[in-house]
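The next block holds one structure in the form of structure tokens; read it before the comments.
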DNA sequence: TCTGTAGTTAAATCGTTGCTTAACTACTAA
DNA sequence: TTAGTAGTTAAGCAACGATTTAACTACAGA
């Protein structure tokens, strides 16, 4: 039997295994705002986007994007790849699947990141 | 092609089909509080429970349970069955699957409610 | 009628959070 | 050096939300 307390020590925030209730609540809280949820849906549909691209497509300021992206990053939901002065954001799909699977009992198939 | 606006008119809050971004955000917001998430996890594990049973198992007051259960009900996440003066709560699993599936692209198998 | 159980509701408190504005760094190119 | 692009951070405000307490309805049994 693997306890949640063990899992927490293995994956501090990113993915790999099931997270505990507090962590999952934090992930759901990150998805609970319409603006952030639209950001996540954009990334789910388009794969990888820079902050400016997201802000433009959504019609919000870069400051507001940055504000929300921090919440998503702290929940472990987005991965950031630097290229010059541009930062590309992508979704941590395996963390999403793990988090959702803990409630539905169904863990979807995720290929890579 | 089925638009989200069409879906909304079909299923106002309960299940059946995909919900729009605002509705999904509301569902995630209902799951965003640790106390409510524990309630949902209890129902996911044990199927059907009365308010008192949930409050007892969680070590919270009935008033606090009632407060949170209202949020869950408004999101459409719980179904209530009356029996005498007792109300039994159960999870709307298909709504959960639809909501999660809109992000992961994977819609789990749900049998009945 | 009185007591206990099950649940609901309102008010008050207090912390959190979403948004805007503005100032800031860092890199690139003319 | 100047301007433009990409992103970050802080301050302030308004709105929301989690919790506790207390008062309430409704029903069942002694």
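Residue numbers (the numbering used here), protein chains in the order written: chain A, 203 to 315; chain B, 203 to 315.
Positions of the beta carbon are idealized from the N, C-alpha and C atoms, including for glycine.
Please read these numbers as outputs of a predicted model, since none were measured by experiment.
Taking only the alpha-carbon atoms, compute the straight-line gap between residue i and residue j and give it to the nearest angstrom.
| i | j | result |
| --- | --- | --- |
| residue 260 (chain A) | residue 276 (chain A) | 21 angstroms |
| residue 252 (chain A) | residue 279 (chain A) | 15 angstroms |
| residue 263 (chain B) | residue 303 (chain A) | 29 angstroms |
| residue 212 (chain B) | residue 222 (chain B) | Below a pLDDT of 50, predicted positions are generally treated as unreliable, and residue 212 (chain B), at 34, falls in that range; no measurement from the model is reported. |
| residue 307 (chain B) | residue 281 (chain B) | 25 angstroms |
| residue 245 (chain A) | residue 295 (chain A) | 10 angstroms |
| residue 227 (chain B) | residue 238 (chain B) | 15 angstroms |
| residue 219 (chain B) | residue 234 (chain B) | A caution first: residue 219 (chain B) carries a pLDDT of 43, below 50, which makes its placement in the model unreliable, though a value can still be read off. Cα-Cα distance, rounded: 22 angstroms. |
| residue 288 (chain B) | residue 225 (chain A) | 33 angstroms |
| residue 242 (chain B) | residue 299 (chain B) | 14 angstroms |
| residue 301 (chain A) | residue 230 (chain A) | 9 angstroms |
| residue 247 (chain A) | residue 309 (chain B) | 16 angstroms |
| residue 305 (chain B) | residue 236 (chain A) | 13 angstroms |
| residue 270 (chain A) | residue 271 (chain B) | 28 angstroms |
State the start and end residues of the unbroken beta strand (DSSP E) segment that holds residue i.
| i | result |
| --- | --- |
| residue 292 (chain A) | 288-293 |
Could you pull the start and end residues of the alpha helix (DSSP H) that residue i belongs to?
| i | result |
| --- | --- |
| residue 256 (chain B) | 253-260 |
| residue 308 (chain A) | Here residue 308 (chain A) belongs to no alpha helix (DSSP H), and DSSP marks it neither H nor E. |
| residue 266 (chain B) | 264-276 |
| residue 279 (chain A) | That residue, residue 279 (chain A), is in no alpha helix (DSSP H); it is neither H nor E in DSSP. |
| residue 232 (chain A) | 223-233 |
Excluding the 5 residues flanking residue i on each side, which residues of the same chain have their C-beta closer than 8 angstroms to its C-beta?
| i | result |
| --- | --- |
| residue 250 (chain B) | 283, 290, 291 and 292 |
| residue 286 (chain B) | none |
Would you say the beta carbon of residue i is closer than 6 angstroms to some non-hydrogen atom of the ligand NAP?
| i | result |
| --- | --- |
| residue 264 (chain B) | With respect to small molecules bound, the structure shown includes none, and the ligand NAP cannot be examined in it. |
What does a CB cutoff of less than 6 angstroms around residue i pick up in its chain, not counting 5 residues either side in sequence?
| i | result |
| --- | --- |
| residue 273 (chain B) | 232 |
| residue 203 (chain B) | Confidence at residue 203 (chain B) is low in this model, with a pLDDT of 44, below 50, so its placement is unreliable and no value can be given for it. |
| residue 205 (chain B) | With a pLDDT of 40 at residue 205 (chain B), under the threshold of 50, the modelled position of that residue is not reliable, and the figure given next carries that caveat. Counting only Cβ-Cβ distances below 6 angstroms, and skipping sequence neighbours, we find nothing. |
| residue 254 (chain A) | none |
Excluding the five sequence neighbours on either side, which residues of its own chain have a C-beta within less than 7 angstroms of the C-beta of residue i, listed in chain order?
| i | result |
| --- | --- |
| residue 320 (chain A) | Past the boundaries of the shown model lies residue 320 (chain A); chain A is included only from 203 to 315, so the question cannot be answered. |
| residue 257 (chain A) | 263, 264 and 267 |
Pull the bridge partners of residue i from the DSSP assignment, please.
| i | result |
| --- | --- |
| residue 285 (chain B) | B:288 |
| residue 250 (chain B) | B:292 |
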